[in-house]
Every structure is written in C-alpha cells, then in structure tokens.
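Numbering (my numbering), first residue to last: 1 to 551.
So, in structure tokens, the structure goes:
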C-alpha cells in the first residue's frame, strides 16, 4: 500500500511538472479496468495489474485528493469516474464511494459529475453493463443496492446535493422513444431514491407521470393516423407478447437499446415499423402505469387514513398541474390539425360561410375557440419573468410564447374563405376577440366588424334557388337516425392489457337485465311471419321512389 501511494503521488507530481508518463499509465489502468487478466508466459515477469489490485490504487488516490482536485488532473478524474465500480466486490464499492465523497469534499465542482455518473447508471438492467471479468457475478439487485448506498452516502455528507440530484433525475430521464426496458429500469431506480430521499417524493412521482402523459399524447396522434387493419395488427401483437412490467428489464432479445429500422434497408416494411412503434408505446405506457398503480395502491388500504389522504392530495395535484393542461394542449393541437384538413377539403367548394354544408368545420372551430377562452393559460409555453402564473391579469400585454404554431394555424382558419367567425356563436367570438387581442395572440376586430355586413343567406346551397329549400325544410331523403344524436360514451373501458388489473373491479360494464326481454322473446316465433309480411308491404309502398332512396 505504501509503495502504491508513493507511486501515485510521484505520478501526479511529475504530471504537474510536465512529465505525464506515469500519469498516463494511471489513466490506462482505469480505462482498461474491465480487461480480463492474463497470466504471463512462463519465464517472464508478471507486471500486469491483477483485478483485485485496482482497489489499492483507489485508496492511494484518495490519500492524494489535495493534488488530484486541481483542474490539471481533471482528465484522470473523468476516467476514474467511468470505471466499473459496481461489478466488483463489496470492498471495492465501499472504497470507491469514499473516494467520491473525498473528491467532492475537496472540490465542490465535482459534485455534478459524480452524481451524474451515478444517475446515468439508472438505465442499466443487464449484467453486461456492470460486470467485471475475474469477479463473481453481481446481480441487478446487489448492483442497485451498492449504487443507492453510494448516492445516499453522498447526500448525507452534502445535504445541499439534494437539489443537484433533483435536476439530474429530470435531465437524465430516458427520451420518450427509448425502449420499455430502459424506461422501466430508470423508473425502478427513481422509486428507490424516493425511499431514502422523502423530500423528493412528489417530484419523482411527477417525473414518472409526466412521461406517461407525453407517451399518451404521442400515442393518440399515432393511433389517429392508423387504419383499422393496422390497429388490429397492433392489438394482436400486444396479445402475443404480454409480459409483466418487471419482466421488461430481463429482456435480452434486442441487440441494442436504440434499435431502429433503416428506411433504406431493402427489407424495410413501413407498415411493420408503424405497428412496432405503436405497440412499443402502448407497452411502455402500460408498464409504467402498472408500476404507478403498485405505488399508489398500498396507501389506500385504509381509505380514511392520513396516509391515504396525503397520497390522494398528491394524485389530485398531479392531475391538476400535468394531466389536465397537457390534454388540453393535445386536444387544441389535434383540433387545429383536423381544421386544416377540413379547410383544404371545403374551401374549393365554398363561396362563403355556410353552416348547412360545412357544419363539422364550424363545430370544430367553435370548440377550439371555447378551449382558448377557458384554458388559454395552459396554451402558453413561456412568458416573461414579470408574469405571475397565479395572476391571469399579469399576462395581458406581454410577449407570450404559445404552443407550437397554434397562433399561425388558428389565424389561417379565422381569416380563411369559410369565415368561421360569422357562423360561430357571437358571444364566444366576442370573448375570443377580446382575449386574443389583449394577450397578443391574434387581432380579429376588423374581421368581426366586416362580418356585420355579411348576410349568411347569400351563401346558401345552390339547391335553394331551385326550390330545394322547401324539400330541405323537412327531411326528405334522410333516415330517422339523421335527426338523432349519435351514441357517445365518454367513459371508455381501460384497455391496457397489463395495468387494467388495477381497475378490473371499478369499471362498470354494460349488463343486460335477465328476463327483461322475456315477453318479446316468447312472441318472436309467432310474430316472425307477420313481420315478414309487413316488410314486403313496405317495399311495395316505396318501390316507386327514384334513385333507390328506400335502401
């Protein structure tokens, strides 16, 4: 040990004097720390570092921290931080953790790199990521225990590091398009942090739920663009490959975490790629939600307890601050997307505003204006520092950044040939005009004034000039269903295959009442012939209709 200390000190001091030979050898020791040890050929000296000897160098470097902390040695420090310290034995992990603490204590600027290195390992779930040759295999559970013991030790030594950790947990979160395995590994590590840093509980749950919302938003857009055949293929693929969330971390089927399909590949199948992308998103959201349910559920064993109330408050806050605004944003963007499709379809056909011919378009415009009037704060992406989110009046007159290209997209619709502001309810148009002007979103008062001189009757369908209006006043040519509301059920069943188990007993499915139609069933046989006769009579009565309207 003393010899190694002298060797390390000499290497560092020589490096400061410009002689980097031994210093570079130290860097190489840590850069090749996972290289398998090979005994020397018979008759030659054994000058190769043995796997267990690296621990001595870590201890020696810890004693030389006053020299090592200088920026001249930052290259060596970065190399040391990347060594495989979790896949060796427990003694090495303990020594390495003490080295990290000593480094941060001597030079506070190393706190971020040290914690960053640790948080980056949250993504790892395969032994190949941390295992070291010549050492016994380390399980994932043991690796995580060592990792979190190290983080907890750093936080105990430096309590102010909690704020640094919070920022890193957010910035290192996997991107939405990364694999289910990476997401689940990261989330399980986040939940472990929650156990020993209770002050970050809300922030950690927010991080996870925020990712669910992002995945859900993108998935809704993807599903919107799929036809029925592709959707059916996605559902089939999900049924064929159902796994519990914990099993995703054991998935070794993919060669790469960032597996992608090359569009220039001869075997590239665009439809298969779309099916895989949507399937991955569904599985990802399913696994994350199932994990969240497992976190929430124990708190409600006793629904009247303080524990249950605290968690309910947390869930309610998350919904209010993340779920609701993000769905608002998703729907606003989606409405603008559909409006543009309708505009391109209808504008070549129109001479001006016509509610009868372009009813779907005007309905969507009015819904969009409604959302803006009620939830405009959720559509603001960023605002100057003088704006107080709790004071809506502070937004007035400020230079605000709105979601995406919504300002331009909605302006195209408002000032288009279809002229929706003439058709939409005046009270909504007036409120939108006032808000949009004061918030610097769009200025529409000149159009509102000019619309006062527009008569909607001048743009009615051409059939009106030939007496068609008389027929259209009734419902000739239209079935009974034309005058009835479409069935709409806002509470759709929860369809995610794994996590639906948490809601299995809470969703109310439709069940017919036994015996309710018994009288009708008894009469079916006797009425069969009469119904047949009635149908024949009906056909006879409508047989003179032209163009097959009776069909």
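Idealized CB from N, CA, C, for every residue including glycine.
Could you check what DSSP says for residue i in three-state terms: helix, strand or coil?
i	result
residue 382	strand
residue 401	strand
residue 219	helix
residue 319	helix
residue 17	coil
residue 69	coil
residue 276	helix
residue 208	helix
residue 197	coil
residue 1	coil
residue 302	coil
residue 415	coil
residue 504	coil
residue 441	coil
residue 27	helix
residue 241	coil
residue 284	helix
residue 97	helix
residue 87	coil
residue 428	helix
residue 493	coil
residue 52	helix
residue 80	helix
residue 452	coil
residue 35	coil
residue 202	helix
residue 339	helix
residue 6	helix
Evaluate residue i with the Cβ neighbour count: other Cβ atoms within 10 Å of its Cβ, from every protein chain shown; 16 or more gives buried, anything less gives exposed.
i	result
residue 86	buried
residue 555	Outside the displayed span of the chain (1 to 551) sits residue 555, for which this structure offers no information.
residue 450	exposed
residue 499	buried
residue 422	buried
residue 189	buried
residue 386	exposed
residue 438	exposed
residue 410	buried
residue 121	buried
residue 146	buried
residue 48	exposed
residue 234	buried
residue 8	buried
residue 413	buried
residue 388	exposed
Excluding the 5 residues preceding and the 5 following residue i in the sequence, name in chain order all residues of the same chain whose CB lies nearer than 8 Å to its CB.
i	result
residue 361	339, 342, 343, 346, 418, 420
residue 215	176, 281, 284, 285, 288
residue 311	296, 299, 300
residue 218	176, 281
residue 137	127, 131
residue 425	366
residue 135	51, 87, 88, 89
residue 209	292, 318, 322, 323
residue 435	372, 373, 376, 441
residue 115	151, 154, 161, 164, 165, 168
residue 416	343, 347
Our contact map puts residue i next to residue j with C-beta atoms below 8 Å; I'd like the distance itself, whole angstroms only.
i	j	result
residue 377	residue 428	Rounded, the Cβ-Cβ distance is 18 Å, inconsistent with contact.
residue 68	residue 61	6 Å
residue 318	residue 205	7 Å
residue 278	residue 223	7 Å
residue 196	residue 152	5 Å
residue 63	residue 5	6 Å
residue 119	residue 172	5 Å
residue 100	residue 150	7 Å
residue 403	residue 333	7 Å
residue 133	residue 239	Not a contact, Cβ separation roughly 41 Å.
residue 113	residue 81	6 Å
residue 30	residue 97	The pair is not a contact, with the Cβ atoms about 16 Å apart (cut-off 8 Å).
Can you list, in chain order, the residues of its chain with a C-beta nearer than 7 Å to that of residue i? Leave out the 5 residues immediately preceding and following it.
i	result
residue 95	55, 58, 59
residue 375	328
residue 557	Given a span of 1 to 551 for the chain in the structure shown, any question on residue 557 remains unanswerable.
residue 230	271, 274, 275
Looking only at its own chain, which residues have a Cβ that is under 6 Å from the Cβ of residue i, when we skip the five neighbours before and after it?
i	result
residue 555	Nothing can be reported for residue 555: it is not among the residues displayed for the chain, which extend from 1 to 551.
residue 13	none
residue 368	335
residue 496	286
Less than 7 Å separating the Cβ of residue i from some heavy atom of the ligand FMN?
i	result
residue 339	Looking at this structure, you won't find the ligand FMN or any other ligand, since it has none at all.
Item checked: Ranges of the alpha helix (DSSP H) found wholly within the stretch 105-176, counting only runs of at least 4 -> Taking only runs of at least 4 residues, the alpha helix (DSSP H) segments lying wholly in the stretch 105-176 are 111-120, 140-157, 161-171.
### Task
Scan the stretch 342-396 and note each continuous beta strand (DSSP E) run of 3 residues or more that stays entirely inside, going in chain order.
If we require 3 residues or more, the beta strand (DSSP E) runs fully inside the stretch 342-396 come out as 380-382.
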